[in-house]
Every structure is written in C-alpha cells, then in structure tokens.
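Novice: Using the working numbering, you'd call the opening residue of the sequence shown number 345 and step up by one each time.
Quick reminder that beta carbons are idealized off the backbone N, C-alpha and C, glycines included.
The structure follows.
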Amino acid sequence: MKFPTTMDALVKTEAAKGLTLTKVPVPIPGIGEVLIKIHKTAICGTDVHIYNWDAWSQQKIVTPRVIGHEYVGEIAALGPGVVDYKIGQIVSGEGHIVCHHCRNCRAGNGHWCKETKGVGVERDGAFAQYLCIPETNVIPIPDGMDEEVVSFFDAYGNATHTAAMFDVTGEDVLITGAGPIGIMAVGIARQNGARRIVITDVNQYRLDLAKKMGADAAVNLSQETVEDAMKRLNIVEGFDVGMEMSGNGTALNQLLKLMRNGGNVALLGIAGPGTVIDWNDVIFKGLTLQGIYGRKMFETWYKMMAMVEAGLDLTPVITHRFHYTEFEKGFEAMNSGKSGKVILDWTER
Ligand SMILES: [Zn+2]
Ligand SMILES: [Zn+2]
C-alpha cells in the first residue's frame, strides 16, 4: 500500500482555545507498532476539555499535539516484527500506552500503570487520517460490528468498567450524571439484569437519551427528587450499587446519602479540586468505594464486545455525525450539552 507523506489532522497548535485542521507528517510505524487508517472517530469529554483549553488541559497538553482517542479504522501498515495483524483488518485500540514492566502491568493491571501515556493527550492521537500505536494496544474488531458504535468503544469501555465493577443483577442502581458514559452505563446495567435503574442530571436532553437506553427513572433534579422516584419504583432501603459519573460534589454526596447500608459505589466522574464528602456516610453505612480509571486491559474490552454481540444496542447514544472537515460543528454540539456521542467521519471526500 502506498501512503501520502502528509495527512489531515486536528491539532492543538498553540496554548489557546480551539483546534486547527492542518497537515502533519504521516507517522511511520516502528518496531512492534502498527499504522491505522482512521475511518471514524468520536468526540470525548476529554477532547472538549482540550478544545476549550481549561485548567486541566493547560497543565496536561504540550503543543503541538494531534488529539483524539476514540476511533475505528483499518490496519494500513505493520512495523518490523508485527505478525499478528493483517493489512485491512478492522481495529480499534486501547487509549493508554503502558510500560509493561511496572508491578501493576506485570500483574495484568495495566489500567493502573504508573507510566501510562494517553493517546491524543500525551502522544499524538486519532483525530487524523492515520494513527500509529503499539501492536499491544490494538483491539481487533469482530466482523460485521457497526463501525459507528465501535468508534466510541473507548468511552463505552469506561462505562463497562464502571458498570461491571459490582454485581448489578437484581440490584437497584443509581447513576449520577447523564453524560454519554452514564447513558451507556444504563444500557449495561439493564443488559446485566439490574432491578431498577435511576439516573440523575439537570440536562433534560441527555436524560431523555438515558430513558431510551432503558432507565426506569431519569430524574431531572431541577424538577423532581430522587426520593420521589424511589417511592414510585418501590426502592425501600436505598440503592445497592451507585455509579458516580458527574464529577459533581453535590451529586456525589447525594449518592452516598441514598445508598443502602453495605452498598457498593464506583467512582468515575473526576471530582473537582477540594471535593468534600461526609465520611460518616461511608463509615456508618459500611459502603465500599472503588475508583475507576480507564478500562481493564483487556478484560473490559472482551466484555464490551461480548455484550454488543449479545444484543446491547448503543446506537441511541449517537446524536450527531459530521465529516472531519466540519469538526467545529461537532465541538459546538458537544459544548451545547444537547448531544450524546458526536461522530466524525474521516473518509476522503
Ligand atoms: Zn474518551
Ligand atoms: Zn506499567
């Protein structure tokens, strides 16, 4: 296969708001690396932070940087020594490049690697016509899987890692925060046999998407209380499993108050600086709290694909589709709050 030497990419070119669609060199895969021709990408909340150039991204991003880490594409070239992949094979990839030799990596807990580097954050990412990653990060995609859905498997992986952390079968589940990951967590908990699923937010657009994914109650906290929903759904002792997906301190505290004694809480939302909780909710209720980062490498990926094959439909979470040349519209949709997953198409026009 012949490659151009340059490609289109969405680049954070300078320390300021926005992104630039520009030409950059096509990466050349080194030993043990593969080159992926990108078909579709999805915009993550992380990308919006970088686009908006908030305090977190100012600390984290060194310019110039090609951003993006949610994608599907095909193998376009193999670096020296790569034998397990074929040109043309449809793939996605784990977005954390880990060291493979720290204690956690060697124990099979790569998601806790102390040297982890994020694709599209600490190294060049997927909002480009080509992406180069180590072969160990490649995720082969089964034939016939909807590429639009695969394009946001990275985010679906966060949802799966969180929703599968504790047994939800027959349990009452509270999810705080109806972003795309919270919305997907609703579908996962439903698929896995939860009794009742309640999700909270103040964004009605996203709560409506959560309903489509199977929430029993999508509570708009500006209009209704969770307690009312609990009464309606006959949830008597509190929630068995909590999933914090908003990063909002008030939501986290409310979640802890609404848990039953002995309940389990998975924490994905990135808490703001100085977030305070009432520790006595944890202590006297005997709650278990588990922080969630990334996806389990690679057990989460296995379960994600298996659940889709078993019929989990993630398409309701897709709300916008644009060509990459119209990326500004995509970020506008994400910043408006009236979106689920926004997909960018990278095929040539
Ligand atoms: Zn993401
Ligand atoms: Zn490591």
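Based on the DSSP secondary-structure assignment, which residues constitute the bridge partners of Thr632?
Specialist: DSSP output for Thr632 lists Asn608 as bridge partner(s).
Novice: How far does the beta strand (DSSP E) with Arg540 in it extend, from its first residue to its last?
Specialist: 540-545 is the extent of the beta strand (DSSP E) around Arg540.
Novice: Straight-line CA distance for Gly582 to Gly523?
Specialist: Spanning the two alpha carbons is a distance of roughly 23 Å.
Novice: In three-state terms, what does DSSP make of Ser436?
Specialist: Reduced to three states, the DSSP call for Ser436 is strand.
Novice: Going by the DSSP bridge assignment, what does Phe583 pair with across the sheet?
Specialist: Phe583 pairs with Met603.
Novice: Pairs of beta-carbons, one from the stretch 628-641 and one from the stretch 597-616, closer than 8 Å: are there three or more?
Specialist: With the cut-off at 8 Å, the stretch 628-641 and the stretch 597-616 touch.
Novice: If you pair each beta-carbon of the stretch 503-519 with each one of the stretch 404-419, do three or more pairs fall below 8 Å?
Specialist: As far as the Cβ criterion goes, the stretch 503-519 does not touch the stretch 404-419, which means the pair count is below three.
Novice: Output the residue ranges of the alpha helix (DSSP H) runs that lie fully inside the stretch 379-433 and measure 4 residues or longer, sorted by chain position.
Specialist: List check, alpha helix (DSSP H) in window: 389-396, 399-404.
Novice: Going by beta-carbon coordinates alone, are Thr350 and Val368 separated by less than 9 Å?
Specialist: Yes, the Cβ-Cβ distance between Thr350 and Val368 is below 9 Å.
Novice: Is Cys457 near ligand 1 - that is, is its Cβ less than 8 Å away from at least one heavy atom of it?
Specialist: Checking every heavy atom of ligand 1 against the Cβ of Cys457, none is found closer than 8 Å.
Novice: Name, in chain order, the residues that DSSP records as bridge partners for Leu354.
Specialist: Answer is Leu365.
Novice: Tell whether a beta-carbon distance below 9 Å holds between Ile431 and Val494.
Specialist: Going by C-beta atoms, Ile431 is not nearer than 9 Å to Val494.
Novice: Is Thr480 near ligand 2, judged by its Cβ being under 8 Å from some heavy atom?
Specialist: Result no, Cβ not under 8 Å from ligand 2.
Novice: For ligand 3, is there a heavy atom less than 8 Å away from the beta-carbon of Val463?
Specialist: For the structure depicted, ligand 3 is absent and the ligand set comprises only ligand 1 and ligand 2.
Novice: Out of Thr691, Trp690, Ile662, point me to the one whose CA is closest to Ala677's CA.
Specialist: With distances taken between Cα atoms, Ala677 lies closest to Ile662.
Novice: Looking at C-alpha atoms only, which residue of Pro424, Gly501, Asp625, Lys673 is the closest neighbour of Pro694?
Specialist: Residue 694 lies beyond the range of the chain shown here (345 to 693); nothing can be said about it.
Novice: Return yes when at least one heavy atom of ligand 2 lies under 8 Å from the C-beta of Cys443, else no.
Specialist: Flag set: Cβ of Cys443 near ligand 2.
Novice: Nearest to Asp545 by CA position, among Arg534, Ala561, Arg539, Gln535, is which residue?
Specialist: Out of Arg534, Ala561, Arg539, Gln535, Ala561 has the C-alpha closest to the C-alpha of Asp545.
Novice: Touching or not, the stretch 633-641 and the stretch 548-559, by the rule of three or more beta carbon pairs under 8 Å?
Specialist: Contact fails: fewer than three Cβ-Cβ distances are below 8 Å.
Novice: Ends of the alpha helix (DSSP H) at Val494?
Specialist: From DSSP, the alpha helix (DSSP H) with Val494 extends over 491-494.
Novice: In angstroms with no decimal places, state the Cα-to-Cα distance between Glu438 and Glu358.
Specialist: Their Cα atoms are separated by approximately 27 Å.
Novice: Answer with buried or exposed for Ala650, where buried requires no fewer than 16 other C-beta atoms within 10 angstroms of its C-beta.
Specialist: Counting Cβ neighbours within 10 Å, Ala650 comes out exposed, since fewer than 16 surround it.
Novice: Locate the alpha helix (DSSP H) running through Thr504, then write down its first and last residues.
Specialist: First-last of the alpha helix (DSSP H) with Thr504: 497-507.
Novice: Below 9 Å between beta carbons: does that hold for Met587 and Gly655?
Specialist: Result no, Cβ atoms of Met587 and Gly655 do not sit closer than 9 Å.
Novice: Hey, quick one: how far does the alpha helix (DSSP H) through Cys449 stretch, first residue to last?
Specialist: Element bounds for Cys449: 447-450.
Novice: Relative to the alpha-carbon of Pro348, which residue among Lys381, Leu658, Ala399 has its alpha-carbon at the smallest distance?
Specialist: Considering only alpha carbons, the answer is Lys381.
Novice: Return yes when the Cβ of Tyr500 is within less than 9 Å of the Cβ of Gly681, no when it is not.
Specialist: Cβ atoms of Gly681 and Tyr500: not closer than 9 Å.
Novice: Is Leu633 closer than 9 Å to Val585 when the C-beta atoms are compared?
Specialist: Their beta carbons are not under 9 Å apart, which means Val585 does not touch Leu633 by this criterion.
Novice: How is Asp689 classed by DSSP in three states: helix, strand or coil?
Specialist: Strand at Asp689.
Novice: Who are the near neighbours of His706 in its chain, counting only those whose CB is closer than 8 Å to its CB and skipping five residues on each side?
Specialist: Outside the displayed span of the chain (345 to 693) sits residue 706, for which this structure offers no information.
Novice: Under 9 Å, do Val482 and Asp516 count as touching if we go by C-beta distance?
Specialist: Not a contact, by the Cβ cut-off of 9 Å.
Novice: With DSSP collapsed to three states, give me the class of Arg665.
Specialist: If DSSP states are grouped into helix, strand and coil, Arg665 belongs with the strands.
Novice: Near Gly591, which residues of its chain fall below 8 Å by C-beta distance, leaving aside the five closest residues on each side in sequence?
Specialist: The answer, listed in chain order, is Gly521, Gly613, Ile614, Ala615, Gly616.
Novice: Let me know if Ile372 comes out buried or exposed under the rule of 16 or more other beta-carbons within 10 Å of its beta-carbon.
Specialist: Its Cβ having fewer than 16 others within 10 Å, Ile372 is exposed.
Novice: So, with DSSP's three-state summary, where would you put Pro484?
Specialist: Of the three classes helix, strand and coil, the one that applies to Pro484 here is strand, per DSSP.
Novice: Taking Thr644 as part of the beta strand (DSSP E), name the residues at either end of that continuous run.
Specialist: That residue, Thr644, is in no beta strand (DSSP E); its alpha helix (DSSP H) goes 643-653.
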